[in-house]
Amino acid sequence: GESVGLHLPTLSVQEGDNSIINCAYSNSASDYFIWYKQESGKGPQFIIDIRSNMDKRQGQRVTVLLNKTVKHLSLQIAATQPGDSAVYFCAEKGGYNKLIFGAGTRLAVHP
Amino acid sequence: DAGVTQSPTHLIKTRGQQVTLRCSPISGHKSVSWYQQVLGQGPQFIFQYYEKEERGRGNFPDRFSARQFPNYSSELNVNALLLGDSALYLCASSLLGGGLQETQYFGPGTRLLVL
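Protein sequence lines correspond, in order, to chains V and L. Under this note's numbering, the first sequence is numbered contiguously, ending at residue 1180. Under this note's numbering, the second sequence is numbered contiguously, ending at residue 188.
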């Protein structure tokens, strides 16, 4: 079946360092991927997305990389700040508006 | 501008009861999707509604139902509650019903606890 999963359940980084959060997906036909950030007690917040015809997309302090050969997605956060502490989900878009989420990676930023 | 709003924020029910959760999408958005998020897991797709019609359904039993109103707000109903229905129920809205790069914006969720 379809699945989107994350390799690491928890990532701890020092403030100011760069963070890399990884994600594997299983449906090679998937053509649209999204990263969401979820803070405690809140709903998921859109960060950045990427289509399958792209390898890289950059936003403000964030970059998403897509490797279709190995079905791998990563989110890079530059100069990680305490406010970046949250759970990060990658999601794959299925039929209609269905999003298929993984279990999430918790990012802990230490001063 | 207001984002997606959901009510109530928290709810406690007992097994066998029924619950209704409400969602108001972002103004101008016509599609609403519902997700269930069990603690420690990613959200799971339940339903999508667009223009008051069901456009997609996830792997959930018939105890789960939903509807969308003419103003595009939506209700999720769960009958005969089970302990396993305890979760955060998220509503997401998008402008249309399935555009390729259509971003879904999530509300804060309703935390349901079934005792």
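Even for Gly, the Cβ is constructed at its ideal location relative to N, Cα and C.
Using the Cβ count rule (16 or more neighbours within 10 Å means buried), how would you classify residue i?
| i | result |
| --- | --- |
| V/ASN1136 | exposed |
| V/LYS1125 | exposed |
| L/HIS102 | buried |
| V/ASP1086 | exposed |
| V/ASN1122 | exposed |
| V/PRO1078 | exposed |
Looking at the structure shown, is residue i part of a helix, part of a strand, or coil, going by DSSP?
| i | result |
| --- | --- |
| L/GLY157 | helix |
| V/GLY1152 | helix |
| L/THR176 | coil |
| V/ASN1091 | strand |
| V/TYR1165 | coil |
At the 8 Å Cβ level, is residue i part of the contact set with chain V, yes or no?
| i | result |
| --- | --- |
| L/PHE137 | no |
| L/THR176 | yes |
| L/GLY182 | yes |
| L/SER106 | yes |
| L/LEU168 | no |
| L/GLN91 | no |
| L/PRO116 | yes |
| L/PHE179 | yes |
Run through the DSSP bridge pairs and tell me what residue i is partnered with.
| i | result |
| --- | --- |
| V/THR1079 | V/ARG1175 |
| V/GLN1114 | V/LYS1106 |
| V/PHE1158 | V/TYR1105 |
| L/THR183 | L/TYR162 |
| V/ILE1146 | V/SER1088, V/VAL1131 |
Below 8 Å on the Cβ atoms is my contact criterion, and I expect residue i with residue j to pass it. Report the Cβ-Cβ distance as a whole number of Å.
| i | j | result |
| --- | --- | --- |
| V/GLN1107 | V/VAL1156 | 5 Å |
| L/GLY180 | L/GLN109 | Actually they do not touch by this definition, with Cβ atoms about 14 Å apart. |
| V/THR1132 | V/GLU1084 | The pair is not a contact, with the Cβ atoms about 19 Å apart (cut-off 8 Å). |
| L/GLN121 | L/ARG128 | 5 Å |
| V/ILE1119 | V/ALA1160 | Contact flag wrong, Cβ pair sits at about 11 Å. |
| V/THR1174 | V/ILE1090 | 5 Å |
Would you please verify whether the beta carbon of residue i is less than 8 Å from any beta carbon of chain L?
| i | result |
| --- | --- |
| V/ARG1120 | yes |
| V/ALA1093 | no |
| V/GLN1134 | Correcting the residue type first, residue 1134 of chain V is Leu in the shown sequence and not Gln. Not an interface residue. |
| V/ALA1172 | yes |
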